[in-house]
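All residue numbers for the sequence shown refer to our numbering, where the first residue is 33 and numbers rise by one.
Each remark here refers to the structure printed beneath this line.
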Amino acid sequence: MKITILNGSPRKENTAAMVNAFAEGAKEAGHEVEILHVGKMKIAGCMGCEYCHTKGEGKCIQKDDMEKVIPAYLDCDMIVYASPVYYFDMTAQLQAAIQRVYCIGKPPKAKKAALLLSSGSPDTGTGAVEAYKNMIGYMDMENAGVYALAGAENKSAEKLAQIRDWAKAL
Ligand SMILES: Cc1cc2nc3c(=O)[nH]c(=O)nc-3n(C[C@H](O)[C@H](O)[C@H](O)COP(=O)(O)O)c2cc1C
33 MKITILNGSP RKENTAAMVN AFAEGAKEAG HEVEILHVGK MKIAGCMGCE YCHTKGEGKC
93 IQKDDMEKVI PAYLDCDMIV YASPVYYFDM TAQLQAAIQR VYCIGKPPKA KKAALLLSSG
153 SPDTGTGAVE AYKNMIGYMD MENAGVYALA GAENKSAEKL AQIRDWAKAL
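Right, dumping it as structure tokens:
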């Protein structure tokens with residue numbers, strides 16, 4: 033499978049460790065993995081202007097780093113959404129990358145999705161998980177799993193090894 037990981041963290045720390053563990057496992061299993069650090073990119077929110085669905089022939093009127101994400105959306109078989117929990121939700125950067133898919137509609141080939149969440153406290157990501165499940169259902173993707181780490185778990189080699197093994201078994 034061709035797997036695209038959208039890392040919504042602006043930092044290379046806890047979420048990045050989960051992303052790297054997932055990528056290592058998936059690569060070991062022979063999958064092709066691309067990590068897009070959308071948390072560090074400049075991606076504006078969708079303006080809802082409908083240019084893409086009228087004059088734009090599926091292209092967004094906004095020219096920003098989303099141009100690096102759209103080709104991955106068009107080509108991948110699985111999308112892994114990864115984010116720290118910010119105020120009980122995914123980061124604004126990841127949400128922008130999710131919502132700007134509007135210009136192409138649904139990712140045409142992606143049939144599987146997963147969610148990696150890192151938070152300071154446990155159980156603060158329930159809203160993000162709910163939004164993720166609704167969103168992938170709408171996109172016709174099957175949930176391959178949700179993995180959430182909180183507090184000290186973020187630095188646990190054992191927990192990261194579990195993520196690696198999970199990705200290896202995909
Ligand atoms: C702006 C901001 C908002 C946050 N909101 C929450 C929150 O609602 N719940 C929580 O448990 N942790 C919250 N945190 C803590 C992060 O989720 C946590 O430190 C996470 O491991 C950071 O991941 P990272 O190293 O990939 O940035 C917040 C951190 C920041 C910077």
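Note that CB positions come from ideal geometry on N, CA and C, so glycine has one too.
The beta carbon of residue 180 lies closer than 6 Å to those of 149 and 157 in the same chain, with the five residues before and after it left out. Within a 10 Å sphere around the beta-carbon of residue 142 sit 16 or more other beta-carbons, which makes this residue buried.
Unbroken beta strand (DSSP E) stretches of 3 residues or longer found wholly inside the stretch 72-136: 110-116, given in chain order. In the three-state reduction of the DSSP assignment, residue 44 falls in the coil class. For residue 36, the distance from the CB to the nearest heavy atom of ligand 1 is not below 7 Å.
For residue 55, the Cβ stays outside the 7 Å cut-off from all heavy atoms of ligand 1. Distances between the C-beta of residue 139 and the heavy atoms of ligand 1 are all 7 Å or more.
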